[in-house]
Structure formats: C-alpha cells, structure tokens
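J.: Quick note on UniProt numbering: the sequence shown kicks off at 1 and runs consecutively.
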Amino acid sequence: MRSNWRQAAPWVLPAVVVLFVITILPTLFLFYTSLHHWELGYPWEAREFAGLVNFVDLWSDRQFLQSLRTTAIYVVSTVGVELILGFALALFLSQRRLWGKGVLVATLVIPMTVTPSIAGLIWRLYFNPNYGMVNYFMGTLAGVEPNWYGADLALASVVLVDIWQWTPFVALILLAGLSALPRTPYEAALVDGASGWATLRYITLPLLRPIILVALILRSMDSLKMFDVVFSLTGGGPGNATEVLSMQVYRTGFYQTGWVGYASAMAMILLVVIILVSQLFVRVLGSRREVEGV
Numbered sequence: 001m002r003s004n005w006r007q008a009a010p011w012v013l014p015a016v017v018v019l020f021v022i023t024i025l026p027t028l029f030l031f032y033t034s035l036h037h038w039e040l041g042y043p044w045e046a047r048e049f050a051g052l053v054n055f056v057d058l059w060s061d062r063q064f065l066q067s068l069r070t071t072a073i074y075v076v077s078t079v080g081v082e083l084i085l086g087f088a089l090a091l092f093l094s095q096r097r098l099w100g101k102g103v104l105v106a107t108l109v110i111p112m113t114v115t116p117s118i119a120g121l122i123w124r125l126y127f128n129p130n131y132g133m134v135n136y137f138m139g140t141l142a143g144v145e146p147n148w149y150g151a152d153l154a155l156a157s158v159v160l161v162d163i164w165q166w167t168p169f170v171a172l173i174l175l176a177g178l179s180a181l182p183r184t185p186y187e188a189a190l191v192d193g194a195s196g197w198a199t200l201r202y203i204t205l206p207l208l209r210p211i212i213l214v215a216l217i218l219r220s221m222d223s224l225k226m227f228d229v230v231f232s233l234t235g236g237g238p239g240n241a242t243e244v245l246s247m248q249v250y251r252t253g254f255y256q257t258g259w260v261g262y263a264s265a266m267a268m269i270l271l272v273v274i275i276l277v278s279q280l281f282v283r284v285l286g287s288r289r290e291v292e293g294v
C-alpha cells in the first residue's frame with residue numbers, strides 16, 4: 001500500500017497543490033474576512049475582529065432576506081423549467097428516425113456558446129419596451145406590450161434568458177443519458193404491451209435518474225451563483241426586484257457600501273447553501289438506490 005502511494009504521490013501532488021491554491025485557500029481567506037469589520041479602501045491593518053457579528057446581523061437585514069427569497073424563486077423557476085423542457089427536447093431528439101437530428105443538436109449548442117453577460121445585453125435590447133423585438137411581436141400578434149423592466153416582470157425576464165441559454169445544456173446531458181440506456185427493458189416492455197407513459201414512468205425515468213441528478217446539481221449550483229446575466233440585463237433592479245444573493249454580495253462589498261467583511265459573510269452563506277443543496281440531491285439519489293436495491 002505504501003509503495004503504491006509513493007508511486008502515485010508525484011502525480012497526485014500537483015493537482016492537490018493547484019486545488020488548494022485556487023479553491024481551498026481563497027475559501028479560507030473568505031471565511032477569515034467574514035469574521036472581521038473591514039471596509040474597501042481602508043488598509044488591511046485597519047480591520048477589526050468581529051467574530052460572528054456579521055453572520056448574526058445578516059438575519060435582521062431585510063435586503064439580505066429579500067435577496068435570499070429572490071434567489072430561491074430564481075433557482076426553482078429556472079432549474080424546474082429547464083429540466084422539464086430539456087427532458088422533452090431530449091426525448092424528441094432521441095428518436096431514431098428523426099430527420100435533421102444533427103442540425104437540431106448543433107443548433108441547440110448556439111445559446112450555450114454566448115457569454116452570459118453578452119446574452120444579457122442582447123436580451124436587454126430584445127426586451128426594450130420601445131424598440132425591442134419581443135414587444136414588437138407580442139404587440140403585433142396579441143396586442144400586448146408589457147414592460148419587462150417593471151418590478152412585476154423584471155425577474156421573469158432574467159428567468160427567461162437563463163431558460164433560453166441553458167435548457168439546451170440540460171437537453172444534451174439527458175440526450176446522452178438516453179442514448180446510453182440499455183435496450184433490453186424497452187424490448188421487454190414492448191412484448192408485454194406496456195403503454196408509452198408506463199414505459200416512460202417505470203423504465204426511462206428510473207434508469208435516467210443519475211443523469212437527472214447530475215443536471216440538477218450543475219444547474220442548481222450555477223443558478224445559485226448567477227451574477228452576469230442579472231448584472232447586464234437589469235443591474236439588480238428596479239429597486240432590488242432582481243437582486244439575487246451574488247448581486248447583493250457585489251453591491252455590498254464593491255459598489256455601494258464597501259463593507260467587505262459583511263459581503264464575505266453573505267458569500268459564505270451562499271457557499272453553504274450551494275453545498276447543502278448539492279448534498280441534498282446526492283442523498284436523495286442514494287436513498288432511492290437503496291430502496292430499489294440498485
């Protein structure tokens with residue numbers, strides 16, 4: 001065992017060092033900063049130890065609680081819709097005799113190649129109430145021209161952009177999973193005369209559950225830390241209608257108040273939420289596997 005470790009150490013050590021430098025070390029510094037009162041523009045020596053005061057103050061901060069609520073709505077809306085639409089697209093594209101399948105799959109990749117901040121700027125033009133393309137078609141076809149930047153629809157506009165950009169990502173992951181599923185259970189279901197819905201419910205979904213979990217974890221983590229689309233599309237406004245947690249961390253630490261210690265505490269809360277959500281999905285999958293004996 002020791003000889004194997006000695007042989008593997010030179011190969012593993014560089015990756016461990018890189019992981020420590022770019023991941024663990026910044027996280028430790030973030031936690032250390034969150035325990036201090038320190039404002040941007042002041043020297044590092046001017047920091048004051050505050051213990052858990054920043055964390056305690058967060059739970060009486062209305063803006064922080066509102067940003068948590070906005071983030072939760074954003075994550076549930078985007079991930080839920082992307083999973084449903086992505087699964088539907090994957091089922092459609094998994095047909096063996098689908099004409100132009102390669103072109104359709106290549107087309108799905110296009111939204112993913114657009115930088116999120118650029119996507120936000122593009123859709124900012126599309127949603128413009130005066131000359132935007134979205135309102136033009138809605139006004140022509142339905143006679144309705146909503147104000148996408150109003151308090152009621154601002155968050156919906158951000159959600160729509162995220163769905164447009166990342167539903168193809170979910171679809172491609174699930175399509176790869178569908179392509180790798182064994183054919184034997186489907187052949188048995190065909191012989192038994194099972195309906196399409198029964199086949200989907202009792203064969204496809206259980207076999208695809210690990211892939212669905214991967215898509216859920218990746219999209220949930222990405223949605224929880226969403227910043228660039230919100231920043232370029234609405235800037236967190238109007239007011240704080242679209243101020244997700246990552247946006248408030250930026251405003252608190254670097255834009256409005258410069259309270260770096262307080263913003264670091266917010267970032268630590270966001271990190272903990274991401275870890276807890278990921279572990280929740282993993283445990284749900286593990287418990288289902290134990291019940292099913294997989």
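Ideal placement from N, C-alpha and C gives every residue a C-beta, glycine not left out.
Put histidine 31 into one of helix, strand or coil per three-state DSSP.
T.: On the sequence shown, residue 31 is found 31 positions in, with the first residue counted as 1. What sits at residue 31 in the sequence shown is phenylalanine, not histidine. Looking at phenylalanine 31 - three-state DSSP - the assignment turns out to be helix.
J.: What span of residues does the alpha helix (DSSP H) with aspartate 192 cover, start to end?
T.: Residue mapping note: residue 192 aligns to position 192 of the sequence shown, counting from 1. Element bounds for aspartate 192: 184 to 192.
J.: Taking buried to mean at least 16 other C-beta atoms within 10 Å of its own C-beta, is proline 10 buried or exposed?
T.: The count along the sequence shown starts at 1 and reaches residue 10 at position 10. Classification for proline 10: exposed.
J.: Under 7 Å, do tryptophan 148 and proline 111 count as touching if we go by C-beta distance?
T.: Numbered from 1 along the sequence shown, position 148 holds the residue referred to as residue 148. Numbered from 1 along the sequence shown, position 111 holds the residue referred to as residue 111. Not closer than 7 Å, so no.
J.: Thinking C-alpha only, which one of Phe169, Tyr262, Val191 and Asp162 is nearest valine 75?
T.: For this step, residue 75 is matched to residue 75 along the sequence shown. It is Asp162 whose Cα lies nearest to the Cα of valine 75.
J.: Could you tell me whether the Cβ atoms of glycine 253 and asparagine 54 are closer together than 7 Å?
T.: Taking the first residue of the sequence shown as 1, we reach residue 253 at position 253. Taking the first residue of the sequence shown as 1, we reach residue 54 at position 54. Their beta carbons are not under 7 Å apart, which means glycine 253 does not touch asparagine 54 by this criterion.
J.: Checking 7 Å against the spacing of the C-beta atoms, do leucine 25 and alanine 265 come in under that value?
T.: Here residue 25 corresponds to residue number 25 of the sequence shown, with the count starting at 1. Here residue 265 corresponds to residue number 265 of the sequence shown, with the count starting at 1. No, they are not a contact pair.
J.: Take the Cβ of threonine 107 as the centre, count every other Cβ of all protein chains shown within 10 Å, and call the residue buried at 16 or more, exposed below.
T.: Numbered from its first residue, the sequence shown carries residue 107 at position 107. Threonine 107 is exposed by the Cβ-count criterion.
J.: Would you mind working out which of Leu181, Thr234, Gly196 and Gly235 sits nearest arginine 209, comparing C-alpha positions?
T.: Counting from one through the sequence shown, the residue named residue 209 turns up at place 209. Ranking Leu181, Thr234, Gly196 and Gly235 by Cα distance to arginine 209 puts Leu181 first.
J.: My output table needs one value for phenylalanine 49: the three-state DSSP class, helix, strand or coil.
T.: Here residue 49 refers to the residue found at position 49 when the sequence shown is read from its first residue. Three-state DSSP puts phenylalanine 49 in a strand.
J.: From arginine 251 to isoleucine 22, what distance separates their C-alpha atoms?
T.: On the sequence shown, residue 251 is found 251 positions in, with the first residue counted as 1. On the sequence shown, residue 22 is found 22 positions in, with the first residue counted as 1. Their Cα atoms are separated by approximately 24 Å.
J.: Report yes or no: do three or more beta-carbon pairs, one from the stretch 91 to 105 and one from the stretch 267 to 275, lie closer than 8 Å?
T.: Judged by Cβ distances under 8 Å, the stretch 91 to 105 makes no contact with the stretch 267 to 275, as fewer than three pairs qualify.
J.: By a C-beta neighbour count over all protein chains shown, 10 Å radius and 16 as the cutoff for buried, is valine 291 buried or exposed?
T.: As a working mapping, residue 291 is identified with position 291 in the sequence shown. Confidence is the limiting factor: at valine 291 the pLDDT is only 48, short of 50, which leaves the residue's position unreliable and the question unanswerable from this model.
J.: For glutamate 39, which three-state DSSP category applies?
T.: Working through the sequence shown from its first residue, we reach residue 39 at position 39. Correct three-state label for glutamate 39: strand.
J.: Grab the span of the alpha helix (DSSP H) containing proline 168 for me, first residue to last.
T.: What you label residue 168 is simply residue 168 of the sequence shown in a count that begins at 1. Counting along the chain, the alpha helix (DSSP H) containing proline 168 begins and ends at 154 to 179.
J.: List the endpoints of the continuous alpha helix (DSSP H) containing leucine 65.
T.: Walking along the sequence shown from the start, residue 65 turns up at place 65. 62 to 93 is the span of the alpha helix (DSSP H), which, as asked, contains leucine 65.
J.: Please state whether the Cβ-Cβ distance between valine 170 and glycine 86 is less than 7 Å.
T.: Here residue 170 refers to the residue found at position 170 of the sequence shown. Here residue 86 refers to the residue found at position 86 of the sequence shown. Yes; because the gap between Cβ atoms is below 7 Å, this pair is in contact.
J.: Would you check if the distance between the CB atom of glutamine 248 and the CB atom of serine 67 is smaller than 7 Å?
T.: Taking the sequence shown and counting its residues from 1, one reaches residue 248 at position 248. Taking the sequence shown and counting its residues from 1, one reaches residue 67 at position 67. Their beta carbons are under 7 Å apart, which means glutamine 248 touches serine 67 by this criterion.
J.: Buried or exposed, going by whether 16 or more other CB atoms sit within 10 Å of the CB of isoleucine 217?
T.: By 1-based counting over the sequence shown, the position of residue 217 is 217. The residue in question, isoleucine 217, is buried, as its Cβ has 16 or more Cβ neighbours within 10 Å.
J.: Whole angstroms is fine: what's the gap from threonine 242's alpha carbon to threonine 184's?
T.: Here residue 242 refers to the residue found at position 242 when the sequence shown is read from its first residue. Here residue 184 refers to the residue found at position 184 when the sequence shown is read from its first residue. Rounded to whole angstroms, threonine 242 to threonine 184 spans 48 Å at the Cα level.
J.: Among Gly143, Val56, Leu178 and Ala142, which has the Cα closest to the Cα of arginine 96?
T.: Here residue 96 corresponds to residue number 96 of the sequence shown, with the count starting at 1. It is Leu178 whose Cα lies nearest to the Cα of arginine 96.
J.: Report the rounded CA-to-CA distance for leucine 104 versus glycine 41, giving the unit in angstroms.
T.: Walking along the sequence shown from the start, residue 104 turns up at place 104. Walking along the sequence shown from the start, residue 41 turns up at place 41. In a straight line, the C-alpha of leucine 104 is about 51 Å away from that of glycine 41.
J.: Tell me which residues share the same chain as methionine 221 and place their Cβ nearer than 7 Å to its Cβ, disregarding the 5 neighbours each side in the sequence.
T.: For the purposes of this step, residue 221 is taken as the residue at position 221 of the sequence shown. Within the same chain, methionine 221 has close Cβ partners Ile274 and Ser278.
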